[in-house]
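Chains as they are written, first to last, in full-length UniProt numbering: chain S, 1 to 290; chain C, 1 to 253.
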């Protein structure tokens, strides 16, 4: 799949933003005044930037409001509804913390649940797609949810919590990679089933339908990225998990948290790039490439 | 609504005969023509006269080679367009309700004024049947020529999809695959029509007919026909006299 920068930024940044809002809503950290302004501002800012980046991915952003209508069937619509709902429900809690030093725990808890559901809905947009076997598996949502919660805990400077969540995230990433490597074969789709000609013999593409490129190839057949998959996995795991964990084991301090945070974001961008670049869509079978 | 309707009794679709298709791409061109000039946003071409031209097509013809163990290899031309699946994954993922499957005849369509161009439906389709138009930024797909098949303004013989109408080989058939007595259903039953990627669980309406068995010749070993008398080691005509002496002398040099 094509690793679109807008989607990578959206999933990483807004994931962290919603992750931070989960912890702020649950009252794991109860900031007031300026501290609340900075933390809630960070949460809302990241979530908002992510949503705007996602809107740039659309062909017709001016019709984006219509995307709130199909929550009964579509995970993308559910994500939109949940994102806006969590930001709205959390708003009185945030405003009361900033301006009147009085958190509203009930709305905070409800907002936290909605924010968590938003992250899960983002993951399900990918996990639901059967045509991309690597994504279509239960191991996809844990990567998204744990990445958001770990990043959020780092932003909230909750070192112990962040440490455990980082370790869980590392495990989830490895599980997703190891299982993911077998998913295409497990899906049992090959050129033989794609053309139905497998019953006669070995099938290969002789002539593509046209000599140029097309939307399908650009969007769904991305061969270049996988060449360096192994190195990128090491980078993603090293920067995204190992370095933050080492930093978090050092004596507490904001500089340490900042280093851990920057490394984590860089690692997550690599992980998310790989998440798209490595995923093979079965439509590639019609074009003799995956 | 992007929830799928209960399976309709009427299932309009195509039956494509891989035995008959000659790979002329006439269906590709007639489809592009009709769907550019009629319903919905035109199918654009991008960089049409430049270095890397490309365009939106709802129907494309691939060609595959099948290598067989006990028979010569076979080339199969393979037209592919939307299969109007009963369990269409492209419909349920749509966040706006732009993608839908018609209750009355099972045709899968896109309401272009509701499409936000997110491209998720194209990701969800295992067959690559949907393409985002490069100019209009809305999702385009085969409409089964819904603006032809019910069009009273057209002569009756033209009330079928443009690709079917134009196919010079008669490789494309249109009809109701929900009716077991229809001509297309009979054809599928008779020829052993099959689904593409049944393991993807989409339950396509369109069916493909396999290539028929070919006549088998008593093929000689082809390699043996290439052997020249000299390489087979048989008696080589020996030149005598002066030419023979010249030949031997030159050999020795």
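Here a beta-carbon is modelled for each residue, glycine too, at the ideal position from N, C-alpha and C.
> Along chain C, which residues have their Cβ under 7 Å away from the Cβ of residue 194/S?
Replying inline: In the first chain, the residue the question calls residue 194/S occupies position 194. The contacting residues are 196, 197.
>> In whole angstroms, give me the CA-to-CA distance for residue 255/S and residue 27/S.
In response: Counted from its first residue, the first chain places residue 255/S at position 255. Counted from its first residue, the first chain places residue 27/S at position 27. Their backbone Cα atoms lie some 24 Å apart in a straight line.
>> Below 8 Å on the Cβ atoms is my contact criterion, and I expect residue 172/S with residue 143/S to pass it. Report the Cβ-Cβ distance as a whole number of Å.
In response: Translated into positions along the first chain, residue 172/S becomes position 172. Translated into positions along the first chain, residue 143/S becomes position 143. About 5 Å separates the two Cβ atoms, so the contact holds.
> What do you get for residue 120/S, buried or exposed, if any count of 16 or more other CB atoms within 10 angstroms of its CB means buried?
Replying inline: Within the first chain, the letter at position 120 stands for residue 120/S. By the 10 Å Cβ count, residue 120/S comes out buried.
> What do you get for residue 250/S, buried or exposed, if any count of 16 or more other CB atoms within 10 angstroms of its CB means buried?
Replying inline: The residue labelled residue 250/S in the question sits at position 250 within the first chain. Around the C-beta of residue 250/S, fewer than 16 other C-beta atoms lie within 10 Å, and the residue is accordingly described as exposed.
> Which residues mark the beginning and the end of the alpha helix (DSSP H) in which residue 252/C is found?
Replying inline: Counted from its first residue, the second chain places residue 252/C at position 252. That run of the alpha helix (DSSP H) goes 241-252.
> What three-state label does DSSP hand residue 16/C in the structure shown?
Replying inline: Counting from 1 along the second chain, the entry for residue 16/C is found at position 16. In this structure, residue 16/C counts as strand in the three-state DSSP scheme.
> Between the Cα of residue 47/C and the Cα atoms of 228/C, 55/C, 37/C, which residue gives the shortest distance?
Replying inline: Your numbering for residue 47/C matches position 47 in the second chain. For residue 47/C, the nearest C-alpha among the options comes from 55/C.
> Buried or exposed: residue 152/C, going by 16 or more other Cβ atoms within 10 Å of its Cβ?
Replying inline: As a working mapping, residue 152/C is identified with position 152 in the second chain. Using a 10 angstroms sphere on the CB of residue 152/C, the tally of other CB atoms stays under 16, which defines it as exposed.
> Closer than 8 Å, CB to CB, is residue 109/S near chain C or not?
Replying inline: Taking the first chain and counting its residues from 1, one reaches residue 109/S at position 109. It does not: the Cβ of residue 109/S has no partner Cβ on chain C nearer than 8 Å.
> Would the beta-carbon of residue 19/S fall within 8 Å of that of residue 108/S?
Replying inline: Within the first chain, residue 19/S is the residue found at index 19, counting from 1. Within the first chain, residue 108/S is the residue found at index 108, counting from 1. In this structure, residue 108/S does not lie closer than 8 Å to residue 19/S by Cβ.
> Does the pairing of the region 14-33 of chain C with the region 166-179 of chain C give three or more beta-carbon distances under 8 Å?
Replying inline: Between the region 14-33 of chain C and the region 166-179 of chain C there are three or more C-beta pairs closer than 8 Å, enough to call the two in contact.
> Using Cβ-Cβ distances below 9 Å, what residues of the region 67-98 of chain S are close to chain C?
Replying inline: Residues of the region 67-98 of chain S whose Cβ lies closer than 9 Å to any Cβ of chain C, in chain order: 67, 68, 69, 70, 71, 72, 73, 74, 75, 76, 77, 78, 79, 80.
> Counting only beta-carbon atoms, is residue 161/C nearer than 8 Å to chain S?
Replying inline: For this step, residue 161/C is matched to residue 161 along the second chain. Not one chain S Cβ lies under 8 Å of residue 161/C.
>> With DSSP as the reference, identify every bridge partner of residue 37/S, one or two as the case may be.
In response: For the purposes of this step, residue 37/S is taken as residue 37 along the first chain, with counting starting at 1. Answer by DSSP bridge pairing: none, since residue 37/S is not bridged.
> Are the C-beta of residue 131/C and some C-beta of chain S separated by less than 8 Å?
Replying inline: Here the question's residue 131/C lines up with position 131 in the second chain. Yes, contact with chain S.
> Quick one: what does DSSP say residue 346/S is sitting in, helix, strand or coil?
Replying inline: This structure leaves residue 346/S out entirely; chain S is present only between 1 and 290.
>> I'd like to know if the region 126-136 of chain C and the region 204-221 of chain S are in contact, where contact means that at least 3 CB-CB pairs between them fall below 8 Å.
In response: With the cut-off at 8 Å, the region 126-136 of chain C and the region 204-221 of chain S touch.
> If residue 183/S and residue 191/S are in contact, beta carbons under 8 Å, what's the gap, nearest whole angstrom?
Replying inline: Within the first chain, residue 183/S is the residue found at index 183, counting from 1. Within the first chain, residue 191/S is the residue found at index 191, counting from 1. That belief does not hold up - the Cβ atoms of residue 183/S and residue 191/S are roughly 17 Å apart, past 8 Å.
> Within this structure, are the beta carbons of residue 196/C and residue 83/C separated by less than 8 Å?
Replying inline: Along the second chain, one-based indexing puts residue 196/C at 196. Along the second chain, one-based indexing puts residue 83/C at 83. The beta carbons of residue 196/C and residue 83/C sit closer together than 8 Å.
> Under the three-state reduction of DSSP, which class applies to residue 90/S: helix, strand or coil?
Replying inline: Taking the first chain and counting its residues from 1, one reaches residue 90/S at position 90. In the structure shown, the three-state DSSP call for residue 90/S is helix.
> Where does residue 276/S sit, in a helix, a strand or coil, going by DSSP?
Replying inline: Counting from one through the first chain, the residue named residue 276/S turns up at place 276. It is helical.
>> Which residue marks the beginning of the alpha helix (DSSP H) containing residue 142/S, and which one marks its end?
In response: Your numbering for residue 142/S matches position 142 in the first chain. Run containing residue 142/S: 140-155, per the alpha helix (DSSP H) assignment.
>> Strictly under 8 Å for the Cβ-Cβ distance: is residue 54/C near chain S by that measure?
In response: Working through the second chain from its first residue, we reach residue 54/C at position 54. It does: the Cβ of residue 54/C has a partner Cβ on chain S nearer than 8 Å.
> Which residues bound the beta strand (DSSP E) around residue 204/S?
Replying inline: On the first chain, residue 204/S is found 204 positions in, with the first residue counted as 1. Where residue 204/S is concerned, the enclosing beta strand (DSSP E) stretches over 202-207.
>> Out of 223/C, 15/C, 178/C, which one is the CA nearest neighbour of residue 103/C?
In response: By 1-based counting over the second chain, the position of residue 103/C is 103. Distance from the Cα of residue 103/C is smallest, within the candidate group 223/C, 15/C, 178/C, for 178/C.
>> On the CB-based measure, 16 or more other CB atoms within 10 Å of its CB, does residue 245/C come out buried or exposed?
In response: Your numbering for residue 245/C matches position 245 in the second chain. Exposed: under 16 other Cβ atoms inside 10 Å.
>> According to DSSP, is residue 209/C part of a helix, a strand, or is it coil?
In response: Translated into the one-based positions of the second chain, residue 209/C becomes position 209. Here residue 209/C sits in strand by DSSP.
> Apart from the five residues on each side of it in sequence, which residues of its chain come closer than 6 Å, Cβ to Cβ, to residue 102/S?
Replying inline: Taking the first chain and counting its residues from 1, the one referred to as residue 102/S is at position 102. Closer than 6 Å at Cβ, skipping near neighbours: 96.
> So what's residue 281/S in DSSP terms, helix, strand or just coil?
Replying inline: Working through the first chain from its first residue, we reach residue 281/S at position 281. In this structure, DSSP gives residue 281/S a state outside helix and strand, which the three-state scheme calls coil.
>> Alpha carbons only, please: which of 145/C, 240/C, 143/C, 118/C is nearest the one belonging to residue 132/C?
In response: Taking the first residue of the second chain as position 1, residue 132/C is located at position 132. For the options 145/C, 240/C, 143/C, 118/C, the alpha carbon positioned closest to that of residue 132/C is the one of 118/C.
>> I want to verify the contact list: residues of chain S whose CB lies under 7 Å from the CB of residue 65/C, in sequence order.
In response: In the second chain, the residue the question calls residue 65/C occupies position 65. The answer, in chain order, is 204, 206.
>> Considering only the alpha carbon of each residue, which of 149/C, 16/C, 105/C, 250/C lies closest to residue 76/C?
In response: Within the second chain, residue 76/C is the residue found at index 76, counting from 1. The option with the nearest alpha carbon to residue 76/C is 16/C.
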